[in-house]
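Engineer: In the working numbering, the protein residues as written are 23 to 527.
C-beta atoms are modelled at their ideal positions from N, C-alpha and C, and glycine is treated no differently.
Let me begin by handing over the structure; questions about it come next.
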């Protein structure tokens, strides 16, 4: 990359180019203009669409002629390839790229589920409406009676192929399931038909439930919350990071719901680390500032403790009482918390399924936040249905929503998507190396020295004691604890809590 260009790019990340704002944007644009002028091609890697949109916006504002070629992925650092005179630029070298003033930026960032899910990548999993799960091999041209035509080439089980005309791309969409990689479908069998029927029955059941709940909520009108007060502005200004455009749009939509007469039932989707908790925190604060109570329902005690620390820290300057309701607090403490909730002395309670007990009452419940709602059992959801008819509900999920389900729910439930990563979010770096004692020992010591913690994963339960002894031989004073899927659930959560509290390395 021309002499000083690469250094200036790295300097934006390593030194910080002066104060964030116009001067920074101008200097960064000049650097990129220099890079674009000195190389035949500039390839810039990004991990999310929001990163590309943000940089394209800045280049346009600064009048930069020329644009980089964008590629999905990440680089640890920028470099050049002289044989082709190509500069490969890591987005992380631009992590100080500023957002426009949050008061002047466009707030209406609508999620685009259809476009997102139709971005097919060669080698990626796809779903054909009639044939099931397959692999997308790319576009190919086939001669036909009416001349050559473009087709999507899909691969299925046993090496079979299906060619889909591009004008029937509506039959194909990207696979968005989570968890382990699924098996490819077999052409001509009945398995796919059975699976789709099972899903259709489940969706129908969900639709009936949502319609019944929505009907109850539609006829109920409650006093809306007022506009933001000084405390709300103060809390949001104290956030240590720039809001992403999606966070701004999500917060705005939630506030409009809370300030309306109809009860809110909104689903907030976003990947881990994309800022769902901060959006929920602001909604909770608005409700508490209006004199109402709020409850956050979580699936595990570990997550409850994490939220308890976060909300207590952010709400510390304000006269709000935050409490937890889990088995970790003890029976006596929980009984007192339940009494305080009923009498209005607790403003926010964060709890697991214990929060759904019949003995739990609120004096003036205004908002329920459900974190990972899909992880609760049927009996818990029955209790949730009762809550939903009476209070505002905000559900959080990191699970992607398939295109068809997203569109089916649009008329029944409001949905906000967080698709833009926070500024400066670094990708996970993966290194593959031989198993060497010196290398592992160095990694353990280095991570502990910087105040970090370590996960060591082994595929066989029976080998875990050997792995633990091996690690202690390398670093004798290492605080180690072992967990696996066959252990008692209580024991697993207790050990994870100790890890969360920093008592385990």
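What residue does the alpha helix (DSSP H) around residue 523 start on, and which one ends it?
Structural biologist: No alpha helix (DSSP H) contains residue 523, which DSSP labels as neither H nor E.
Engineer: Three or more beta-carbon pairs under 8 Å between the segment 252–266 and the segment 218–225, yes or no?
Structural biologist: Output reads no: the segment 218–225 does not touch the segment 252–266.
Engineer: Check whether the Cβ atoms of residue 388 and residue 346 sit closer than 8 Å, and answer yes or no.
Structural biologist: No, these two residues do not count as a Cβ contact at 8 Å.
Engineer: Based on the DSSP output, what are the partners of residue 288 in its beta bridges?
Structural biologist: Beta-bridge pairing links residue 288 to 416, 436.
Engineer: Can you tell me where the beta strand (DSSP E) holding residue 490 begins and where it ends?
Structural biologist: Here residue 490 belongs to no beta strand (DSSP E); instead the alpha helix (DSSP H) covers 486–496.
Engineer: Taking residue 66 as the reference, which of 527, 75, 451, 90 has the closest Cα?
Structural biologist: Nearest C-alpha to residue 66: 90.
Engineer: At what residues does the beta strand (DSSP E) containing residue 150 begin and finish?
Structural biologist: Run containing residue 150: 147–150, per the beta strand (DSSP E) assignment.
Engineer: Beta carbon of residue 414, beta carbon of residue 285: below 8 Å?
Structural biologist: A contact, by the Cβ cut-off of 8 Å.
Engineer: Which residues bound the alpha helix (DSSP H) around residue 252?
Structural biologist: 252–259 is the extent of the alpha helix (DSSP H) around residue 252.
Engineer: Exposed or buried, residue 278, counting other C-beta atoms within 10 Å across all chains shown (16 or more means buried)?
Structural biologist: It counts as exposed.
Engineer: So for residue 391, helix, strand or coil by DSSP?
Structural biologist: Here residue 391 sits in strand by DSSP.
Engineer: Taking the Cβ atom as the reference point for each residue, do residue 315 and residue 386 lie within a distance shorter than 8 Å?
Structural biologist: A contact, by the Cβ cut-off of 8 Å.
Engineer: In the DSSP assignment, the beta strand (DSSP E) including residue 373 goes from what residue to what residue?
Structural biologist: 370–373 is the extent of the beta strand (DSSP E) around residue 373.
Engineer: What's the call for residue 481, buried or exposed, on a 16-neighbour Cβ count within 10 Å?
Structural biologist: It is exposed - the Cβ of residue 481 has fewer than 16 other Cβ atoms within 10 Å.
Engineer: Starting from the C-beta of residue 365, find all residues in its chain whose C-beta is less than 8 Å away, skip the five residues before and the five after it, and write them out in chain order.
Structural biologist: Closer than 8 Å at Cβ, skipping near neighbours: 385.
Engineer: So, with DSSP's three-state summary, where would you put residue 279?
Structural biologist: The answer is helix: DSSP assigns residue 279 an H, G or I state.
Engineer: Distance check for residue 192 and residue 140, CA to CA, integer angstroms please.
Structural biologist: Since pLDDT at residue 140 reaches only 44, below the 50 mark, its modelled position is unreliable, and the value read off the structure follows with that caveat. For residue 140 and residue 192, the distance between alpha carbons rounds to 9 Å.
Engineer: Give every residue of the same chain whose Cβ lies closer than 8 Å to the Cβ of residue 205, excluding the five residues on either side of it in the sequence, and list them in chain order.
Structural biologist: The answer, listed in chain order, is 155, 179.
Engineer: Locate the alpha helix (DSSP H) running through residue 191, then write down its first and last residues.
Structural biologist: Note, residue 191: premise wrong, no alpha helix (DSSP H); not H, not E.
Engineer: Among the residues of its own chain, which have a CB less than 7 Å from the CB of residue 310, if the five just before and after it don't count?
Structural biologist: 316, 342, 369, 370, listed in sequence order.
Engineer: Indicate the three-state DSSP secondary structure (helix, strand or coil) for residue 118 in the structure shown.
Structural biologist: With a pLDDT of 42 at residue 118, under the threshold of 50, the modelled position of this residue cannot be trusted; read the value that follows with caution. Note: residue 118 maps to coil in three-state DSSP.
Engineer: Per DSSP, what are the beta-bridge partners of residue 164 in this structure?
Structural biologist: In the DSSP output, where bridge partners are listed per residue, residue 164 has 171.
Engineer: By Cβ distance below 6 Å, which residues in the same chain neighbour residue 437 in space, the five residues on each side in sequence not counted?
Structural biologist: Closer than 6 Å at Cβ, skipping near neighbours: 289.
Engineer: Give the range of the alpha helix (DSSP H) segment to which residue 329 is assigned.
Structural biologist: Run containing residue 329: 323–337, per the alpha helix (DSSP H) assignment.
Engineer: Which partner residues of residue 315 appear in the DSSP bridge assignment?
Structural biologist: DSSP, once it has assigned bridges, lists 387 as partnering residue 315.
Engineer: By DSSP, does residue 57 sit in helix, in strand, or in coil?
Structural biologist: The answer is helix: DSSP assigns residue 57 an H, G or I state.
Engineer: Reducing DSSP to helix, strand and coil, say where residue 273 ends up.
Structural biologist: In this structure, residue 273 counts as helix in the three-state DSSP scheme.
Engineer: Between the beta-carbon of residue 518 and the beta-carbon of residue 324, is there less than 8 Å?
Structural biologist: Yes, the pair counts as a contact, with Cβ atoms nearer than the cut-off.
Engineer: Rounded to a whole number of angstroms, what is the C-alpha to C-alpha distance between residue 493 and residue 456?
Structural biologist: In a straight line, the C-alpha of residue 493 is about 16 Å away from that of residue 456.
Engineer: Please go through the same chain and pick out, in chain order, the residues whose beta-carbon is closer than 8 Å to the beta-carbon of residue 78, but skip the five residues on each side of it.
Structural biologist: Counting only Cβ-Cβ distances below 8 Å, and skipping sequence neighbours, we find 89.
Engineer: Who pairs with residue 155 in a beta bridge, going by DSSP?
Structural biologist: BP columns for residue 155 point to 149.
Engineer: Kindly say whether residue 195, judged by its beta-carbon, lies nearer than 8 Å to any beta-carbon of chain C.
Structural biologist: Protein chains in the displayed structure number just one, and chain C is not present.
Engineer: Compute the Euclidean distance between the alpha carbons of residue 461 and residue 520, then round it to the nearest angstrom.
Structural biologist: Cα to Cα, the separation comes out at about 27 Å.
Engineer: Only counting the same chain, and skipping five residues up and downstream in sequence, which positions put a Cβ closer than 6 Å to that of residue 299?
Structural biologist: Excluding sequence neighbours, residue 299 sits near nothing in its chain.
Engineer: Answer with buried or exposed for residue 246, where buried requires no fewer than 16 other C-beta atoms within 10 angstroms of its C-beta.
Structural biologist: Exposed, because fewer than 16 other Cβ atoms sit within 10 Å of the Cβ of residue 246.
Engineer: Name the two residues that bound the continuous beta strand (DSSP E) containing residue 66.
Structural biologist: 63–68 is the extent of the beta strand (DSSP E) around residue 66.
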